[in-house]
Structures are given as structure tokens and as C-alpha cells.
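**Q** First residue of the sequence shown: 9, per the working numbering; consecutive thereafter. Note that CB positions come from ideal geometry on N, CA and C, so glycine has one too. Mind having a look at this structure? Questions to follow.
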Amino acid sequence: CMEEAGVDGALIVQPINHKFDHSYVTSVLKKYPTKFIGCCLANPADDGGGLKQFEHLVLEEGYRAVRFNPYLWPSGEKLSS
């Protein structure tokens with residue numbers, strides 16, 4: 009238990025194996041809004057969908073950090089223009 013260990017809160021980082029499906033982390037953030045801060049995985053794809061998802065996660069779901077994972081794109085491919 010976090011309280012027994014003297015931990016007030018923690019950062020939850022979106023795991024790479026879930027890619028851009030943030031539903032599990034979002035459910036934890038909603039269940040324990042004062043205990044956890046969410047870090048989403050950004051999708052800088054050219055189609056603009058990633059930006060819309062990022063805005064939703066930050067503005068509506070309360071995520072407060074972002075990370076990028078270059079291993080999701082082929083070597084040398086641009087992430088965005």
C-alpha cells in the first residue's frame with residue numbers, strides 16, 4: 009500500500025505495449041485523481057490524429073506529462089513535418 013510505504017503519489021507512464029490506447033491509465037487516473045499523475049505517449053503522426061488525442065488527454069483527461077518513443081517508427085522516418 010502506498011500510504012504504508014510513505015508514498016503520497018506517483019507518476020504513471022503509458023506503457024509502450026499499449027501504444028496509444030490510454031484507456032487503462034486513464035481509468036486509474038479517474039479512480040485515484042489525487043494519487044497519480046498521468047504521462048501519455050504522444051503520437052506525432054502526420055495525419056493530425058495524434059495531436060487531437062494529445063489535446064484530449066491533457067485538457068479532458070488530466071494528463072500532465074508526455075513522452076515520445078522513437079522505436080515506434082522505422083529508422084530514419086520523420087515523425088512529423
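Within a Cβ cutoff of 8 angstroms, which residues of the same chain sit near residue 50, ignoring the five residues on either side of it in sequence?
**A** Excluding positions up to five away in sequence, the list reads 58, 62, 74, 75, 76.
**Q** If you compare alpha carbons, which of 45, 11, 52 is closest to residue 28?
**A** It is 52 whose Cα lies nearest to the Cα of residue 28.
**Q** Quick test of your reading: residue 69 and residue 19, contact by CB under 8 angstroms. State the CB separation rounded to the nearest angstrom.
**A** No, residue 69 and residue 19 are not in contact; Cβ-Cβ is about 15 angstroms, not under 8 angstroms.
**Q** Please say whether residue 17 and residue 33 have beta carbons closer to each other than 7 angstroms?
**A** No, the pair does not count as a contact, with Cβ atoms beyond the cut-off.
**Q** Nearest CA to the CA of residue 65: which residue from 35, 42, 25?
**A** When only C-alpha atoms are compared, the closest one is 35.
**Q** Is it buried or exposed, residue 71, if we count other Cβ atoms within 10 angstroms and call 16 or more buried?
**A** Residue 71 should be labelled buried.
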